[in-house]
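J.:
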Amino acid sequence: MATTKHKTTPEPVIELPIGFEAWLLDCVPVPLCGVCAANHNQMTEAREKGDIRIAARHASEIRSHASGAHDRA
Numbered sequence: 161m162a163t164t165k166h167k168t169t170p171e172p173v174i175e176l177p178i179g180f181e182a183w184l185l186d187c188v189p190v191p192l193c194g195v196c197a198a199n200h201n202q203m204t205e206a207r208e209k210g211d212i213r214i215a216a217r218h219a220s221e222i223r224s225h226a227s228g229a230h231d232r233a
């Protein structure tokens with residue numbers, strides 16, 4: 161019989177420090193930008209579903225787009 165290398169117990173829940181989520185998701189979409197607006201909507205949906213990883217990715221996209229793409233326009 162082969163041994164399994166898979167975990168059989170769930171990972172413990174990690175509690176983020178108070179305010180960390182707000183800091184992580186702090187971003188300002190550029191007004192009238194469809195890319196920023198779409199990322200902001202997706203970030204909000206992910207946060208409401210409790211998926212902080214996806215929400216943080218969209219917040220990062222907003223910060224990168226707002227500080228990069230719009231500076232060249």
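Residues 161 to 233 in this note's numbering are what the sequence shown lists, from first letter to last. Every residue, glycine too, gets a C-beta built ideally from N, C-alpha and C.
Looking only at C-alpha atoms, which of Glu181, Arg223, Val173 and Trp183 sits nearest to histidine 200?
T.: Arg223
J.: Do isoleucine 212 and glutamate 171 have their C-beta atoms within less than 8 Å of each other?
T.: no
J.: Around the Cβ of proline 189, are there at least 16 other Cβ atoms within 10 angstroms (buried) or fewer (exposed)?
T.: So proline 189 counts as buried.
J.: Can you find the residues in the same chain that come closer than 6 Å, C-beta to C-beta, to glutamate 208, ignoring five residues on each side of it along the sequence?
T.: none
J.: Let me confirm a value: glutamate 205 is counted as buried when at least 16 other C-beta atoms fall within 10 Å, else exposed. Which label applies?
T.: exposed
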